[in-house]
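J.: Supplied in structure tokens, the structure appears directly below.
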Amino acid sequence: RVQPRDAKKDERIAPAVTVAVEDAAGNPVTSPGFQVTLDLARSSDERIRLRGDLSRRTEEGVAVFDDLRVDSEAGDLRLRAQADGLSDVESASFEIRDD
Numbered sequence: 238r239v240q241p242r243d244a245k246k247d248e249r250i251a252p253a254v255t256v257a258v259e260d261a262a263g264n265p266v267t268s269p270g271f272q273v274t275l276d277l278a279r280s281s282d283e284r285i286r287l288r289g290d291l292s293r294r295t296e297e298g299v300a301v302f303d304d305l306r307v308d309s310e311a312g313d314l315r316l317r318a319q320a321d322g323l324s325d326v327e328s329a330s331f332e333i334r335d336d
């Protein structure tokens, strides 16, 4: 739903990233309680860390991640969302600046 935006290192990514759970046909799944976990999908530097509460339960089919930060400057980052029994998805590309 809400893709990550460019941000400064160690500052909260705003607005909050949200992940909507959908079935195989792309229909919203509004059942509560899916556990959604985020991580960095691709990074050439393993020292880059995604910080914050990286695992959230859905409410009405949506998980809200409102405290995400990245600890290093980096470009072409993507988040990967995972939930048991569902296909992983990746976000749009974003970057973290040092200024």
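My numbering puts the first residue of the sequence shown at 238, with every later residue one more than the last.
Quick reminder that beta carbons are idealized off the backbone N, C-alpha and C, glycines included.
Helix, strand or coil for Phe331 per DSSP?
T.: Reduced to three states, the DSSP call for Phe331 is strand.
J.: Please classify Thr267 as buried or exposed, where buried requires at least 16 other C-beta atoms within 10 Å of its C-beta.
T.: The residue is exposed, with fewer than 16 neighbouring Cβ atoms inside 10 Å.
J.: What does Ser292 pair with, by DSSP beta-bridge criteria?
T.: DSSP output for Ser292 lists Thr274 as bridge partner(s).
J.: Grouping DSSP H, G and I as helix and E and B as strand, with all else coil, what is Gln240?
T.: Gln240 falls in the coil class under three-state DSSP.
J.: Quick one, which of Ala261, Ile333 and Ser309 has its alpha-carbon nearest Arg284's?
T.: Answer by Cα proximity: Ser309.
J.: Which residues bound the beta strand (DSSP E) around Gly312?
T.: Segment Ala311 to Leu314, the beta strand (DSSP E) holding Gly312.
J.: Name the residue from Arg238, Glu259, Ala300 and Leu277 whose alpha carbon lies nearest to the alpha carbon of Ile333.
T.: Nearest option by C-alpha distance: Leu277.
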